[in-house]
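Residue numbers (our numbering), protein chains in the order written: chain A, 1 to 253; chain B, 1 to 327.
Some notes on the structure that comes next.
Here it is as structure tokens:
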């Protein structure tokens with residue numbers, strides 16, 4: 001572990017739901033330009049940790065630091081504004097809205113003048129900018145005024161990820177972004193992650209697909225029953241060892 | 001050739017164009033069958049039916065696009081009308097001027113709408129009651145209270161000049177309140193399709209999880225939508241007072257179903273996230289034309305409901321067909 005201040009960090013975080021302990025004394029940190037894989041079996045606490053990291057849930061104990069400053073997220077919106085972007089599994093997009101409406105959802109731009117004060121949207125500008133934003137992170141979407149429901153599953157996921165990556169200024173949390181995707185589309189998603197890393201973002205990649213995790217991450221954190229049971233450079237894992245650590249057949253601690 | 005037929009097909013695939021054709025065919029049909037139908041006073045009368053219907057149908061459009069439903073609009077029309085009428089009767093008896101009385105009556109009606117909207121909102125966002133049930137509660141309570149407040153009979157005795165306001169004295173076609181309602185409808189149409197408020201309404205109806213993840217305060221937005229719907233219904237209640245010079249407890253009974261019919265005929269999906277305000281405008285117009293037209297061709301007025309029912313079925317069936325073709 002280097003001595004520089006981590007980009008994003010949680011220290012000794014626990015989360016209790018009544019008597020259920022979903023997270024137990026979890027610590028985790030990520031550096032700029034680093035991709036960490038967060039893996040674990042169902043019920044290991046991945047979703048809970050994602051919710052704590054994204055600001056959706058407040059931890060019962062423990063601290064959160066962004067660039068060395070302690071933060072308490074009151075809502076996911078606060079985390080978003082601080083530069084921590086999350087792509088949730090399956091909840092990313094509004095299918096009846098256009099690509100650009102989705103890219104700019106919650107961050108709309110208004111026309112100039114008095115109409116803008118009344119909330120009138122600068123639709124043309126957002127159409128153009130949405131296209132440019134997606135292109136910048138390596139996504140070619142046919143037309144940004146097409147509705148999401150007209151896109152294929154792979155294109156939708158590309159838009160969802162592109163949206164998150166293009167807005168993230170510091171950290172991006174991707175919850176199962178390659179789920180339900182074909183091999184080629186999953187490959188495109190992994191390429192987007194690599195580009196985000198090259199831009200200096202910290203990427204937290206949650207996935208069940210271990211080859212994807214081994215391919216794209218620098219470091220892997222394994223959760224089991226709410227605890228971190230392994231946190232090591234990806235080079236120290238192969239598929240068999242990773243699976244063994246997740247299931248508990250190999251005890252690395 | 002190919003592009004012409006393509007354009008023709010896409011025009012037919014467009015709900016608003018279809019509705020416009022249906023509306024034109026209806027007007028033509030009624031006029032051919034009964035030449036008296038095609039006259040200015042008839043259209044003025046159709047418009048005066050359309051004004052209150054479009055008010056509640058526009059509110060319903062916002063609500064349904066947001067993924068909910070508002071069953072309480074008809075009851076709100078009734079209860080706001082009678083409460084406003086009672087207030088104006090008292091003011092007239094205590095010798096307030098007619099203009100001030102009418103204005104206070106207007107504010108009272110809107111106040112009643114606000115109360116209903118806030119009650120709906122509290123039940124839906126705080127108590128977690130689904131919109132169908134929450135607004136069913138205010139529907140029942142509103143209709144009941146209208147009868148309780150009035151003893152079941154219409155309340156008159158307000159300013160005598162009220163009825164003059166609803167006379168169609170602009171080109172012998174539009175009444176003054178009617179013009180205001182048309183302006184309001186255009187503004188709300190722009191709000192639905194061109195502003196952030198409308199965008200969030202669509203987003204919440206399309207995928208509330210995505211809306212929340214994008215930082216939208218979903219409950220606060222839904223509160224505005226349900227309050228808008230109730231206030232528009234209370235405006236319709238006040239409009240009926242102007243038109244009839246009385247506040248009757250049964251005014252607005254069943255209006256929620258007419259509003260939902262207008263919205264559905266207009267192509268708004270009950271599942272939320274989709275719709276167009278122009279469709280609602282035309283849907284409400286078709287219902288109003290059917291209501292008057294049937295009288296002119298000597299069909300008993302009760303057939304109107306049957307015709308509207310058939311139109312709902314056809315509209316939904318076409319929608320279904322189109323989504324099937326697309327897939």
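Cβ atoms here follow ideal geometry from the backbone N, Cα and C, with glycine treated the same way.
These figures come from a predicted structure and were not determined experimentally.
Range covered by the alpha helix (DSSP H) that runs through residue i
| i | result |
| --- | --- |
| residue 102 of chain A | 99-103 |
| residue 189 of chain B | 176-194 |
| residue 46 of chain B | 40-65 |
| residue 133 of chain A | 123-136 |
| residue 172 of chain A | Careful: residue 172 of chain A lies outside any alpha helix (DSSP H), inside the beta strand (DSSP E) at 171-175. |
| residue 143 of chain B | 131-150 |
| residue 165 of chain A | 153-167 |
| residue 27 of chain B | 15-33 |
| residue 163 of chain B | 162-165 |
| residue 211 of chain B | 208-213 |
| residue 239 of chain A | 239-247 |
| residue 51 of chain A | 46-54 |
| residue 114 of chain A | 114-117 |
Environment of residue i [buried if 16+ CB atoms lie within 10 Å]
| i | result |
| --- | --- |
| residue 146 of chain B | buried |
| residue 70 of chain A | exposed |
| residue 142 of chain B | buried |
| residue 17 of chain A | exposed |
| residue 17 of chain B | exposed |
| residue 1 of chain A | A caution first: residue 1 of chain A carries a pLDDT of 47, below 50, which makes its placement in the model unreliable, though a value can still be read off. Residue 1 of chain A is exposed by the Cβ-count criterion. |
| residue 121 of chain A | buried |
| residue 309 of chain B | exposed |
| residue 302 of chain B | exposed |
| residue 220 of chain B | exposed |
| residue 212 of chain A | buried |
| residue 60 of chain B | buried |
| residue 174 of chain B | buried |
| residue 15 of chain B | buried |
| residue 76 of chain A | buried |
| residue 287 of chain B | buried |
| residue 314 of chain B | exposed |
| residue 53 of chain A | buried |
| residue 1 of chain B | Unreliable positioning characterises residue 1 of chain B in this predicted model, as indicated by a pLDDT of 46, which lies under 50. The coordinate reading is nonetheless provided below. Exposed, because fewer than 16 other Cβ atoms sit within 10 Å of the Cβ of residue 1 of chain B. |
| residue 240 of chain A | exposed |
| residue 15 of chain A | buried |
| residue 325 of chain B | exposed |
Of the listed residues the options, nearest to residue i (C-alpha basis)
| i | options | result |
| --- | --- | --- |
| residue 312 of chain B | B/276, B/272, B/242 and B/259 | B/259 |
| residue 238 of chain B | B/158, B/22 and B/68 | B/158 |
| residue 273 of chain B | B/104, B/218, B/266 and B/206 | B/206 |
| residue 147 of chain A | A/63, A/4, A/101 and A/194 | A/101 |
| residue 111 of chain B | B/186, B/48, B/173 and B/230 | B/230 |
| residue 91 of chain B | B/77, B/302, B/106 and B/255 | B/106 |
| residue 135 of chain B | B/155, B/217 and B/113 | B/113 |
| residue 87 of chain A | A/237, A/226 and A/205 | A/205 |
| residue 109 of chain A | B/197, B/243, B/280 and B/317 | B/197 |
| residue 11 of chain A | A/30, A/37 and A/81 | A/30 |
| residue 122 of chain B | B/225, B/283, B/23 and B/49 | B/225 |
| residue 180 of chain A | A/68, A/141, A/155 and A/133 | A/155 |
| residue 262 of chain B | B/271, B/181, B/277 and B/46 | B/277 |
| residue 66 of chain B | B/269, B/317, B/285 and B/21 | B/269 |
| residue 255 of chain A | A/171, A/111 and A/97 | Summary: the structure shown does not reach residue 255 of chain A, with chain A confined to residues 1 through 253, and so no result is reported for it. |
| residue 216 of chain A | A/191, A/237, A/229 and A/200 | A/191 |
Element boundaries [beta strand (DSSP E), containing residue i]
| i | result |
| --- | --- |
| residue 83 of chain A | Note, residue 83 of chain A: premise wrong, no beta strand (DSSP E); not H, not E. |
| residue 280 of chain A | Not covered by the structure: residue 280 of chain A. The range shown for chain A is 1 to 253. |
| residue 65 of chain A | 61-66 |
| residue 38 of chain A | 35-40 |
| residue 9 of chain A | 8-17 |
| residue 141 of chain A | Counting along the chain, residue 141 of chain A falls outside any beta strand (DSSP E), and DSSP gives it neither H nor E. |
| residue 223 of chain A | 219-224 |
| residue 301 of chain B | Here residue 301 of chain B belongs to no beta strand (DSSP E), and DSSP marks it neither H nor E. |
| residue 107 of chain A | Per DSSP, residue 107 of chain A belongs to no beta strand (DSSP E) and is neither H nor E. |
Contacts of residue i in chain C (Cβ-Cβ under 8 Å)
| i | result |
| --- | --- |
| residue 95 of chain A | Judged by its chain identifiers, the structure shown contains no chain C, and its protein chains are A and B. |
Give me the subset of the region 48-66 of chain B whose CB atoms are less than 8 Å from a CB atom of chain A, sorted by chain position. none
Short-range partners of chain B found in the region 54-82 of chain A, where Cβ spacing is below 7 Å: 76, 77 and 80
Residues, ordered as in the chain, of the region 119-146 of chain A that lie near chain B by beta-carbon distance below 7 Å: 119, 120 and 121
Quick one: which residues of the region 164-180 of chain A get their C-beta closer than 9 Å to a C-beta of chain B? List them in chain order. none
List in chain order: all unbroken beta strand (DSSP E) runs of 3+ residues lying wholly within the region 177-209 of chain A. 202-206
Cβ-based contacts, 7 Å cut-off: residues of the region 97-122 of chain A near chain B: 97, 101, 105, 106, 108, 118, 119, 120 and 121
Name the residues in the region 188-203 of chain B whose C-beta lies less than 9 Å from a C-beta of chain A; which are they? 190, 191, 194, 195, 196, 197, 198, 199, 200, 202 and 203
Can you check the region 224-283 of chain B for any alpha helix (DSSP H) of at least 4 residues that lies completely inside it and give the ranges in chain order? 255-265
Which runs of the beta strand (DSSP E) at least 3 residues long sit entirely within the region 65-115 of chain B? Give them in chain order. none
Please name the residues in the region 212-239 of chain B whose beta-carbon is closer than 9 Å to at least one beta-carbon of chain A, in chain order. 212, 213, 214, 215, 216 and 217
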